[in-house]
Structure formats: C-alpha cells, structure tokens
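A.B. asks: Position one of the sequence shown corresponds to residue 57 (the numbering used here), numbered consecutively onward. Even glycine gets a Cβ: it sits at the ideal position worked out from N, Cα and C. Since the structure is predicted, the reported quantities are computational estimates derived from the model, not experimental observations.
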Amino acid sequence: MKTGSLWIVALLSIIGLFLNSCSMPKVGNKDYIAATFPGGEDALYDFIAQHKKYQQDAVNAGVEGSVQLKAIVSKEGALQKIRVIQAVYPSVDQEAIRIIKAMPQWIPARYKGKMVSSEVNLKVDFYFLR
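1) Below 8 Å, can you find three or more Cβ-Cβ pairs linking the stretch 124-135 to the stretch 97-105?
2) How should LEU185 be labelled, buried or exposed, when 16 other C-beta atoms within 10 angstroms of its C-beta is the threshold for buried?
3) Comparing C-alpha positions only, which one of GLU175, ALA91, ASP87 sits nearest to ARG139?
4) Hey, TYR145 and ALA117: beta-carbon distance below 8 Å or not?
5) Taking the alpha carbon of ALA177 as the reference point, which residue from GLN106, LEU135, MET171 has its own alpha carbon closest?
6) Report all residues from its chain with a CB closer than 8 Å to the CB of PRO94; omit the five preceding and five following residues, and keep chain order.
7) Since VAL123 and ALA152 should fall inside the 8 Å C-beta cutoff, what is the C-beta to C-beta distance between them, to a whole number of angstroms?
8) My output table needs one value for TYR183: the three-state DSSP class, helix, strand or coil.
9) Is GLN111 helix, strand or coil by DSSP?
10) Going by alpha carbons, who is nearest to LYS86 out of ALA165, ALA158, GLN142?
11) Can you check DSSP and say which residues form a bridge with VAL175?
Dropping the structure here:
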C-alpha cells in the first residue's frame, strides 16, 4: 500500500471511530423510531399547503424555490430551534418559518422505548401553478 493510501485509511478509521462514539442513534437502528407529524407525511404536506401564503413581494419578483429547514423535535413533541439551511428569498424564508412554528406538536422520536429529542429536515415549496 502506498503512503498516500495509508493516510486515507487512517483518516477514514478516525472518522469511523468518531461516528461510532456519537450518542445519536443511527438511522435504521431497530431501537429508534423517528419523530413524525401527527397523521403522517401526507398530513404534513396538507398542513403546509393549507397554511402557506405566497408573499406578494416574492410573487412580484417571480421568486420560486424550496426553503430547506431543520428543527429539533423535543421529547415533548414541540418544534424548537427552527433554522433555514437553504434560503430562497427573505420574505419566503420567513413564511416557511412561520408555517413550521404554527405546526401542532409532533409525535417525538423514541429510542429504546423512551421519548428523545431529535432533528428533522423540512421543506416548504414555493412555486407558481402553471
């Protein structure tokens, strides 16, 4: 094995050790059940569609796109620490945050039967009907 390859193997081993030492349960872990919106994914999409208001300044500017957000679902089911990770336009981003804040309590994640806080990824689409 060449010296460069050894460095890569060593780096990957260190990264693997770090990831294995993290306390977050791994996706696909049979002891972990992810947080869910009450009623499931279809109910989540319906909620967003019913509460979304396309901001007039964004309409006038012809703005379209998907606002990507992250939030923490507390072990009580409350959405906290909502943040935009992919912005579209200031008023559209704020509208996406408003919608997320208006959501009802989620069903929290469970790990080994206990409710735990978890992070969720959310998307709010803003596109014109054509």
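C.D. replies: Quick answer:
1) No, the stretch 124-135 is not in contact with the stretch 97-105.
2) If you draw a 10 Å sphere on the C-beta of LEU185, you find fewer than 16 other C-beta atoms in it, and that means exposed.
3) For ARG139, the nearest C-alpha among the options comes from GLU175.
4) In this structure, TYR145 lies near ALA117, with their beta-carbon atoms less than 8 Å apart.
5) What sits at residue 177 in the sequence shown is Asn, not Ala. With distances taken between CA atoms, ASN177 lies nearest to LEU135 out of GLN106, LEU135, MET171.
6) In the same chain as PRO94, and ignoring 5 residues on each side of it, the C-beta atoms closer than 8 Å to its own belong to PRO160, GLN161, TRP162, ILE163, in chain order.
7) Between VAL123 and ALA152, the beta carbon gap of about 4 Å places them in contact (Cβ cut-off 8 Å).
8) Judged by DSSP in its simplified three-state form, TYR183 adopts coil rather than helix or strand.
9) Residue state, collapsed to three classes: coil.
10) Out of ALA165, ALA158, GLN142, ALA165 has the C-alpha closest to the C-alpha of LYS86.
11) Contrary to the premise, residue 175 reads as Glu rather than Val in this sequence. When DSSP reads this structure, GLU175 sits in a beta bridge with ILE128.
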